[in-house]
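2 protein chains.
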Amino acid sequence: MARQPEPQRTVQNRILAALPPRELERLLPRMQRVPIKLHQVVHEPVGLFTEVYFPEEGLISVVTSMDDGSTIEVATVGNEGLAGLPVLMGIEKVPQRYLVQIEGQAMRMRADTLWQETREDTPLRRLLMRYQTAFFSQIMQSVACNGLHNIQQRCCLWLLRCLDRSRSSEVVITHEFLGQMLGVRRASVTEVLKPLHAKGWIGHRRGVVSVLDRQGLERVTCECYQVVRNEFDRMLSGAV
Amino acid sequence: MARQPEPQRTVQNRILAALPPRELERLLPRMQRVPIKLHQVVHEPVGLFTEVYFPEEGLISVVTSMDDGSTIEVATVGNEGLAGLPVLMGIEKVPQRYLVQIEGQAMRMRADTLWQETREDTPLRRLLMRYQTAFFSQIMQSVACNGLHNIQQRCCLWLLRCLDRSRSSEVVITHEFLGQMLGVRRASVTEVLKPLHAKGWIGHRRGVVSVLDRQGLERVTCECYQVVRNEFDRMLSGAV
DNA sequence: CTACTTCTGTCCGCCAGCGTACAGACCTCC
DNA sequence: GGAGGTCTGTACGCTGGCGGACAGAAGTAG
């Protein structure tokens, strides 16, 4: 698919896009469209949240580390959301790392601007609160998923989520890194990918996994994929 | 420990207790102190959130079920929090079940009252937002915990959390039920409790686990216990 | 006291995933 | 083209937890 240069006017972030046009117009000057680069760290556990990101394309992972050095992804943020909810809550520091998993671009806003813009009952605040609830559901579902589902299911889930946020069907990631996202050994990743490859659902290149058959993956993923998707749709569609 | 009848004036819920006195006084008439009974369901996935609960004593679990009938706890709410955050967000339905795990009492408020009271930038809203951020951290830590830690660690963690919310050291629960909270087999619970019993850290009665040695449990639990505790303290203490 | 239910302890074989290790494949840079 | 780093495939033994089952213990109702 040829990459079309986006006109600056349309925003691809679903929250921003849902704003009343005049409100969006008012806010646009306070934001900047910036590229988000692979493995760029948007927030460190030690630092302050000085800026927030509304992704338009690409994916930001929220990752936790344990004392023993093991890491695991605890949430993802794509064009349906915002990386920086704590700012909305008046909090500037959280113990998780936010890092870019898939390249793309995002609308960036200063943290204090967001804070000002959401103190009153504005359309933006309403939308963000709905998003927040869906985000809660996403994480809660992940708690359950990590407790109940096996590596292959979770690996497919992860690939599908990436796919939804990427315009390409190629995911740039090593098995080692993917293992860190899933909280498992590198070798386990290789092992669960093998049968998927054998069935022709995915392709390989060094450091790249490409999805060839979405339906295939959807068949072996756990229900968590749909549950979370539905919940986001419900929240962003305006249902109570 | 003899159970003292609480004077109606003091609230044991940490959020309410942190309100400015006049604000609390204003809100008290809009709340009711109610007992919360073992296994009482505070919110069903199908129903509406008509009321919210600020627990004073006892514990409310947030539980998710999968299509295959397996269940697992995804969060807990004690006297540090509120069961009903989605209401704050203008949402009335969530796909999780809220059920009482440890008896006690809570301050109950109508959902629409909470909504009205938190539309503006009130002290209650500020506190709830801080709580919300800590709650996010709790759930994220649980995602990691379920992905990385073993059953014994998680079981101890669960017992400790109960203990923190209970005035007694006895937790009324069957292995079957505890298994459902942890997302594991009933027999696995029996197995991980055995060594704890052998070390004299816990005692048994049919349907009851009593904690005899906190320190012992803390030694084998994963770091998640402290991480979450610290995060709640940080949020409720007012740090940014 | 008896009958019945429910809860707990235990045991079996089994398998997913772990830790570890090593060799070959791939890419990049010189 | 060659050297060196990095990524991937695979293998081996081990263990934690599973599914399933059953017997005995502890309550409960009659």
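Line by line, the protein sequences are chains A and B. For the first sequence, the numbering used here gives the first residue as -12, with consecutive numbering after it. For the second sequence, the numbering used here gives the first residue as -12, with consecutive numbering after it. Note that CB positions come from ideal geometry on N, CA and C, so glycine has one too.
Is any beta-carbon of chain B found at less than 8 Å from that of A:Met96?
-> Taking Cβ atoms only, chain B never reaches closer than 8 Å to A:Met96, which makes this a no.
Please list, in chain order, all residues of the same chain as A:Gly194 whose beta carbon is under 8 Å from its beta carbon, the five residues on each side excluded.
-> Excluding positions up to five away in sequence, the list reads Val159, Ile160 and Thr161.
Would B:His26 be called buried (16 or more neighbouring beta carbons within 10 Å of its own) or exposed?
-> With fewer than 16 other Cβ atoms within 10 Å, it is exposed.
Check the Cβ-Cβ distances between A:Leu135 and every residue of chain B, and say whether any is below 8 Å.
-> At least one chain B Cβ lies under 8 Å of A:Leu135.
Whose C-beta lies closer than 7 Å to the C-beta of A:Leu3 among residues of the same chain, with five residues either side of it excluded?
-> The residues are Leu11, Phe41 and Met94.
Do we get a CB-CB distance below 8 Å when we pair B:Arg106 with the residues of chain A?
-> True, the Cβ-Cβ gap to chain A drops below 8 Å.
Anything in chain B within Cβ reach of A:Ser57, meaning under 7 Å, just list it in chain order.
-> Within 7 Å Cβ-Cβ: Leu135.
Beta-bridge pairing of A:Glu44 - partner residues as DSSP gives them | The partner list for A:Glu44 (beta bridge, DSSP) reads A:Gln92.
For B:Thr100, the three-state DSSP class (helix, strand or coil) | Looking at B:Thr100 - three-state DSSP - the assignment turns out to be helix.
Please confirm if B:Arg84 has its CB atom under 8 Å from at least one CB of chain A.
-> Contact of B:Arg84 with chain A is not assigned, every C-beta pair being separated by 8 Å or more.
Whose C-alpha, out of A:Lys24, A:Asp200, A:Arg117 and A:Thr(-3), is nearest the C-alpha of A:Leu89?
-> For the sequence presented, residue 89 of chain A should be read as Ile rather than Leu. Per the Cα distances, A:Lys24.
B:Gly166: which of B:Pro22, B:Cys143, B:Asp54 and B:Arg152 sits nearest, CA to CA?
-> Considering only alpha carbons, the answer is B:Cys143.
Looking at the unbroken alpha helix (DSSP H) that takes in A:Met127, where does it start and where does it end?
-> In the DSSP assignment, A:Met127 falls within the alpha helix (DSSP H) that extends over Pro110 to Leu135.
Going along chain B in order, which residues have a C-beta closer than 8 Å to the C-beta of A:Ile170?
-> Contrary to the premise, residue 170 of chain A reads as Gly rather than Ile in this sequence. Correct list: Ala131, Gly134 and Leu135.
Helix, strand or coil at A:Gln19 according to DSSP, with G and I counted as helix | DSSP places A:Gln19 within a strand segment (E or B) once states are collapsed to three.
Out of A:Ser197, A:Gln125 and A:Gly187, point me to the one whose CA is closest to A:Asp220's CA.
-> Residue A:Gln125 is the option with its Cα nearest to A:Asp220.
Note down, in chain order, every chain A residue with its Cβ under 7 Å from the Cβ of B:Arg113.
-> Here the neighbours are Gly77.
A:Ala5 and A:Leu223: beta carbons closer than 8 Å?
-> Remark: C-beta atoms of A:Ala5 and A:Leu223 approach each other more closely than 8 Å.
Please report how far the alpha carbon of A:Gln83 lies from the alpha carbon of A:Phe122, in whole angstroms.
-> C-alpha of A:Gln83 to C-alpha of A:Phe122: approximately 15 Å in a straight line.
How far does the beta strand (DSSP E) with B:Thr177 in it reach, from first residue to last?
-> Unbroken run through B:Thr177 is the alpha helix (DSSP H), Arg173 to Ala185; no beta strand (DSSP E).
Taking B:Val214 as the reference, which of B:Val196, B:Arg148, B:Arg173 and B:Thr37 has the closest Cα?
-> Nearest in C-alpha terms to B:Val214, of all of B:Val196, B:Arg148, B:Arg173 and B:Thr37, is B:Arg148.
Which value, in whole angstroms, describes the spacing of the CA atoms of A:Trp145 and B:Leu14?
-> Their backbone Cα atoms lie some 45 Å apart in a straight line.
Does the separation of the CB atoms of B:Ile59 and B:Gly134 fall below 8 Å?
-> No. Outside cutoff.
Once you ignore the five residues that flank B:Glu67 on each side, which residues in its own chain have a CB closer than 6 Å to its CB?
-> Hits under 6 Å: Arg1 and Phe219.
If you measure from the beta carbon of B:Asp54 to each beta carbon in chain A, is any gap under 8 Å?
-> Answer yes: the Cβ-Cβ gap between B:Asp54 and chain A drops below 8 Å somewhere.
DSSP beta-bridge partners of A:Val195 | A:Val159 and A:Arg192.
Rounded straight-line distance, which links the Cα of A:Gly91 to that of A:Asp108 = If you take the alpha carbons of A:Asp108 and A:Gly91, they lie about 31 Å apart.
Spatial neighbours of B:Val49 within its chain, please: CB distance less than 6 Å, with the 5 preceding and 5 following residues excluded, ordered by chain position.
-> Hits under 6 Å: Val61, Ala62, Gln83 and Tyr85.
If you check the beta carbons only, do A:Gly65 and A:Asp151 fall under 8 Å apart?
-> Pairing A:Gly65 with A:Asp151 gives a Cβ-Cβ distance under 8 Å.
Could you give the residue range of the alpha helix (DSSP H) that holds A:Ala62?
-> From DSSP, A:Ala62 is part of no alpha helix (DSSP H) but of the beta strand (DSSP E) over Thr58 to Val64.
For B:Val214, which of helix, strand or coil comes out of DSSP?
-> B:Val214: helix per DSSP, three-state reduction.
Beta strand (DSSP E) segment containing A:Val28, residue limits | Where A:Val28 is concerned, the enclosing beta strand (DSSP E) stretches over Val28 to His30.
Mind checking A:Thr(-3): buried by the 16 CB within 10 Å criterion, or exposed?
-> The residue is exposed, with fewer than 16 neighbouring Cβ atoms inside 10 Å.
Rounded separation between A:His184 and A:Arg192 - CA only = One C-alpha to the other measures close to 11 Å.
Keeping to the same chain, check which residues put their C-beta closer than 8 Å to that of B:Glu119; ignore five residues upstream and five downstream.
-> Just to set this straight, residue 119 of chain B is Gln in the shown sequence, not Glu. Only residues of its own chain outside the window of five on either side were considered, and among them Leu72 and Leu75 have a CB closer than 8 Å to the CB of B:Gln119, listed in chain order.
Between the C-alpha atoms of A:Gly225 and A:Pro7, what's the straight-line distance to the nearest angstrom?
-> Rounded to whole angstroms, A:Gly225 to A:Pro7 spans 14 Å at the Cα level.
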